[in-house]
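Residue numbers (the working numbering): 74 to 341.
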């Protein structure tokens, strides 16, 4: 039985001129602001032109959100195909982190090509702080009552309002707080990123690849607790995407590590 939490959160923080300001948006903005400040600090430490990050800030916010929303809509197309007007209502929640990352990667790749700067150098700076941003941002899902798992009687389970319960689970009230699990695990990934960054033992680009490997492991494991039907071979769509995000960086990391040992090509 739950003993730590039994209240339903209010997704509205306050109203301004008749407009509801949601906790989801506030927390997301807070995560972005904190992340941006810390990224600028690291860029200055590495003597990288901070103007690149000011430019990328607005590009990431726009294309990252677009990618995240598209990823969410694709994953929930059975709902959105009959509710097309709900697609742009991003302020109500519904972002796929894999979509956010893909949108941001494409943006950084095109920007780095245009500005003739190292993609890996910029991504390594951002990637140190990204897990912290994810850990903070996940709490927006708590107020929106989303990113929860299977029914649970654990002391740390959270109550989900009946309107937000998946079909077939209307009689259950308490569920695994997947957002909380991911938030805690991403804090751990953040600490690992900071330690690796401070150690200065990794070559340019390797830190980014290590992040994707760790992040993919976190998401793959947590997906086992989600209420989502398997797609192929007992794995759901999120797990297959996580496997892709794991295998590709691992292959690139091994190839780059081999190049470094052989002294063939510098990692840029």
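Even for Gly, the Cβ is constructed at its ideal location relative to N, Cα and C.
In the DSSP annotation of this structure, the continuous segment of the beta strand (DSSP E) that includes residue 93 starts and ends at 92 to 95.
8 Å or more divides the Cβ of residue 185 from the Cβ of residue 175. Distances from the alpha-carbon of residue 192 to those of 181, 243, 104 put 181 closest. DSSP lists 232 as the beta-bridge partner residues of residue 247. In this chain, residue 169 is not harboured by any alpha helix (DSSP H), its DSSP state being neither H nor E. Distance between residue 103 and residue 242, taken at the CA atoms: about 33 Å. For residue 151, the uninterrupted alpha helix (DSSP H) run begins and ends at 150 to 153, by DSSP. For residue 293, the enclosing alpha helix (DSSP H) has its first and last residue at 279 to 295. Exposed is the label assigned to residue 83, since fewer than 16 other Cβ atoms lie within 10 Å of its Cβ. In the displayed model, residue 242 falls within coil according to three-state DSSP, outside both helix and strand.
Sequence-distant Cβ neighbours of residue 329 in its own chain, meaning closer than 8 Å and more than five residues away, are 276, 278, 279, 282, 340. Residue 89: member of the beta strand (DSSP E) spanning 85 to 89, first to last residue. Only exposed fits residue 303, as fewer than 16 other CB atoms lie within 10 angstroms of its CB.
In this structure, residue 198 sits near residue 112, with a CB-CB distance shorter than 8 Å.
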